[in-house]
Amino acid sequence: MDIGGKLVPLYAGSVHYWRLDPQHWRACLEATRSLGVHLIDIYVPWAVHETGPGQFDFGRLDPRRDVGAFLRLAHELGFYVIARPGPHINAELTCFGIPERVIWDPSCQARSARNNPVVLPMLPYGFPVPSYASNAFHDEVARYFNALAPVLKPHLYPDGPIVLLQIDNEGALYFRDGAYDQDYHPDAISLYRDFLREKYRTIEALQRAYAPRRVEPAPEGDATEDVGAALVRAIARERAQAEEGDLRFATITPPVAFDAETPADLARHLDWSEFHEHLLETAMGRFARALSAAGVDGLPTMHNFPMGQDATPLNPARISRVVDLVGLDYYSIASPSSRQILARRTSELAVRCEALSLPPFACEMGAGFPPFFPPLEERDSVFVMMAALAYGLRGYNIYMAVERDRWIGAPIDPRGRPRPFAAFWRRLSAALEATRFHELRRPAPVRIVTPRTERRLSRVMHAFGPLTGAFFSIMNFGARDRCLEDDLGLGYPLAVESDTFVRAFEEALDARGVPYAHVGGEDRDISLAGARWVICATSGGLSPELFAWLEATSRQGTLITLGPREPTFDGAFRQLPRPYDLKRLLAPGQNLPALLQDDPAAADAAVSRAIDALGLPAFACDPDSVFATLHEDASGTPRVLFLLNPGDADVVARVTVSAQRARDVLDDAHFEARRGALEVRLVPRSVRMLALE
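Going by the UniProt record's numbering, 290 is the number at position 290 of the sequence shown; the sequence numbering is gapless.
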């Protein structure tokens with residue numbers, strides 16, 4: 001991170017001042033500094049500081065709330081600070097740090113299709129989540145920010161230590177992120193109509209999109225009919241209106257359940273899924289403007305995505321329009337499936353951030369766990385941290401650096417006394433500084449593109465009701481495990497096949513040690529630089545914009561592969577006026593077909609041929625349960641090699657690299673290359689970081 005012309009590695013530690021005795025603040029900060037971090041990460045919880053409607057305490061009544069004193073101390077000790085004022089902070093606080101009076105205000109609550117509050121079943125008790133569209137909620141947030149601003153403003157850089165501001169927290173609709181869970185709040189419905197008006201521009205265009213077939217309107221309900229039934233009836237009526245040319249932006253209502261019967265029916269559902277992305281982008285923008293209007297401005301902003309973010313409406317391309325840095329949160333056990341998840345999430349983050357000249361940042365790198373979650377051992381946290389670095393992470397925030405209530409396993413206790421776990425973090429920061437790891441990059445000449453259409457499709461075709469897609473993603477289950485297998489008359493299950501296609505290529509590339517990265521479809525204009533082979537998944541729909549981008553990329557000599565279905569529809573699954581000419585995706589001299597099915601054998605053969613045709617690097621390990629990633633400096637010289645053993649067996653790994661010697665930067669073990677290969681012992685569920693000589 002560039003701070004006043006000085007490049008500062010983004011290594012941070014979380015300390016919750018209000019949960020600690022102020023007499024221990026100094027000891028806790030000094031112990032955190034010993035972990036090798038340069039920044040302190042703090043939440044500023046709304047519910048803790050609000051003592052009544054519009055009334056706040058910042059230390060006058062309770063010294064634990066004196067955030068100004070804590071910031072002065074951090075500045076005195078030479079720290080920079082990341083401030084996270086919410087409004088949503090989670091932090092295992094009841095109601096996620098939002099005052100109960102706001103949570104229980106009906107005008108602030110997100111709404112289900114039946115006009116009920118949307119409740120999150122969370123310990124110590126469930127609560128109704130706020131609506132990201134509610135004007136009443138945004139008004140309350142603005143009041144909080146106006147009260148907080150005079151406290152934070154004197155501590156903004158360069159006068160104070162605050163150098164980075166977080167806007168909200170894990171904005172996945174408070175984990176009630178199913179496509180039809182919410183938000184049917186009146187303000188959300190109004191925003192939805194504005195979204196459609198901006199997208200389609202004319203009523204005629206809307207009617208063409210939403211009139212795929214004739215559906216007779218349902219009979220009128222009686223006075224006791226619930227809101228959900230009324231919405232279902234309204235949708236049937238709107239289809240008939242669209243057919244008759246009478247559908248309007250001002251009266252359209254969103255879908256309440258997946259009811260598509262043909263591909264042309266999907267436009268309405270995909271628009272609703274896209275609207276959720278727009279809703280979150282709009283809300284984060286409003287929060288950022290409210291904070292700036294209150295006087296907390298002039299600094300870069302960020303937002304953190306939770307685990308399973310690929311199955312939520314959090315779209316990094318959209319959120320990046322309103323905040324400067326999008327990062328990820330990491331909490332996993334050490335296992336083979338976790339390694340796959342870490343590779344997928346982190347590589348996508350890394351290529352996007354590299355293209356934007358931003359550090360790939362773990363806003364929360366789990367060190368410990370809440371007591372009501374499955375326990376994470378220290379080796380789990382170590383494995384996740386090291387694996388994320390292996391796949392491109394460059395900055396991290398130790399969450400938590402200092403233990404507090406509702407947390408177990410931090411490296412420092414609440415009195416500022418380091419625990420044995422602190423030794424790992426000290427060694428790691430020293431190793432990263434010694435190798436100047438923040439300046440290295442992991443080349444990824446192969447990119448697997450999952451268009452946003454595919455992610456929206458898997459959201460709307462999710463088959464497990466209240467268990468959202470994010471839950472399945474965290475368990476490494478994809479669309480093939482959680483989506484409806486409806487074929488909508490096409491003869492194949494739409495959402496399932498593209499997921500199978502992607503995973504077949506992951507396995508084939510991993511087997512040969514070819515470095516690759518994932519790319520979100522709406523990031524196509526910034527995340528394909530340096531790619532020599534682009535593999536794009538499609539269930540049969542592909543937007544003309546994305547096809548044009550792939551065509552332009554192929555003209556630059558990049559190999560393009562589509563699959564498992566030929567795209568005969570656009571990004572909303574409307575029939576194309578003419579089919580795409582896939583021959584236009586063939587680079588000069590290409591000897592691979594532009595279209596492949598989701599057959600693992602076909603993926604394996606394609607990878608083998610691409611290695612030969614493109615001269616792709618390969619770092620295959622023996623045994624194949626071990627994985628390698630290589631990181632280079634600006635001149636292209638290999639500097640750091642990671643070896644990952646996610647399994648339960650103790651192994652001796654053999655990998656071919658262009659180095660004579662290697663040194664483990666954490667335990668100082670040395671290895672000599674023999675016959676061009678390194679042989680390295682790895683204990684179960686471990687990662688070695690080797691400096692190459």
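C-beta atoms are modelled at their ideal positions from N, C-alpha and C, and glycine is treated no differently.
Quick one: measure Cβ to Cβ for H185 and A74, integer angstroms, because I've assumed they're closer than 8 Å.
-> Not quite, the Cβ-Cβ distance comes to about 39 Å (not below 8 Å), so this is no contact.
Expected contact under 8 Å - CB spacing of Y43 and H16 to nearest Å = 6 Å
Inter-stretch contact at 8 Å, needing at least 3 Cβ pairs: the stretch 80–98 / the stretch 112–131 | yes
Note down, in chain order, each residue of its chain lying with its Cβ closer than 6 Å to the Cβ of P360, except the 5 sequence neighbours on either side.
-> These residues qualify, in order along the chain: L349, A350, C353, G392, L393 and R394.
Using the C-alpha atoms, what's the distance from A362 back to P254?
-> Going from the Cα of P254 to the Cα of A362 covers about 35 Å.
Going by CA-CA distance only, name the one from R197, V119, R193 and L148 that's closest to G178.
-> V119
Which residues in the same chain have their Cβ closer than 7 Å to the Cβ of A444, if we skip the five residues on either side of it in sequence?
-> S347, V351, P515, Y516 and A517
Hey, could you find the ends of the alpha helix (DSSP H) Y391 is sitting in?
-> Here Y391 belongs to no alpha helix (DSSP H), and DSSP marks it neither H nor E.
Counting only the same chain and skipping the five closest in sequence on each side, list residues whose C-beta sits under 7 Å from that of D667.
-> Closer than 7 Å at Cβ, skipping near neighbours: no residue.
Give the straight-line distance between the Cα atoms of T553 and L576, rounded to the nearest whole angstrom.
-> 22 Å
Determine the DSSP secondary structure at W18, reduced to helix, strand or coil.
-> helix
For D329, does the three-state DSSP call read helix, strand or coil?
-> Note: D329 maps to strand in three-state DSSP.
According to the neighbour-count rule (16 or more other Cβ atoms, all chains shown, within 10 Å of its Cβ), is Q55 buried or exposed?
-> exposed
Expressed to the nearest angstrom, what Euclidean distance is found between the alpha-carbon atoms of R72 and H155?
-> 8 Å
What number of angstroms, rounded off, separates the C-alpha of R685 from the C-alpha of A390?
-> 14 Å
Going by alpha carbons, who is nearest to L280 out of C28, F383 and L173?
-> L173
Selection from L494, G557, A257 and A531 that minimises the alpha carbon distance to V542 | One detail in the question is off: residue 542 reads as Leu in this sequence, not Val. Ranking L494, G557, A257 and A531 by Cα distance to L542 puts L494 first.
Could you spell out where the beta strand (DSSP E) holding F619 opens and where it closes?
-> Element bounds for F619: n/a, residue is neither H nor E.
R480 classed as buried or exposed, judged by whether at least 16 other C-beta atoms fall within 10 angstroms = buried
What span of residues does the alpha helix (DSSP H) with G563 cover, start to end?
-> First-last for G563: L559 to P564, but that is the beta strand (DSSP E), not the alpha helix (DSSP H).
Which residues mark the beginning and the end of the beta strand (DSSP E) in which D664 is found?
-> Element bounds for D664: R661 to D664.
Hey, how far is the Cα of Y492 from the Cα of I448?
-> 22 Å
Let me know the secondary structure DSSP gives R482 once reduced to three states.
-> helix
Should P451 be counted as a contact of the ligand FMN given a C-beta to heavy atom distance under 7 Å?
-> The ligand FMN is not part of the structure shown, which contains no ligands of any sort.
Own chain, CB closer than 7 Å to W46, minus 5 neighbours either side, in chain order = G86, P87, G97, I98, P99 and Y144
Could you tell me which of R675, P600 and V323 sits nearest to F501, measuring between CA atoms?
-> P600
May I ask which residues mark the beginning and end of the beta strand (DSSP E) holding P638?
-> Note, P638: beta strand (DSSP E), P638 to N645.
CA-CA distance, R578 and I526?
-> 28 Å
Taking buried to mean at least 16 other C-beta atoms within 10 Å of its own C-beta, is E216 buried or exposed?
-> Confidence in E216 is poor, its pLDDT being 39 and thus under 50, which makes the residue's placement unreliable; the coordinate value appears in the next sentence. With fewer than 16 other Cβ atoms within 10 Å, it is exposed.
Selected residue, minimal CA-CA separation from H138, among P63, R286 and I189 | R286
Could you tell me the distance, in whole angstroms, from the CA atom of M307 to the CA atom of S473?
-> 8 Å
Residues bridged to I319 by DSSP?
-> Its beta-bridge partners do not exist; DSSP assigns none.
Alpha carbon to alpha carbon, what distance is there between G563 and R318?
-> 26 Å
List the residues that DSSP assigns as beta-bridge partners of V256.
-> V256 pairs with nothing; no bridge assigned.
Give me the Cβ distance between A401 and T32, rounded to the nearest whole Å; I'm assuming they're in contact under 8 Å.
-> 5 Å
Go ahead and pull the three-state DSSP assignment for E679.
-> In this structure, DSSP gives E679 an extended state, which the three-state scheme calls strand.
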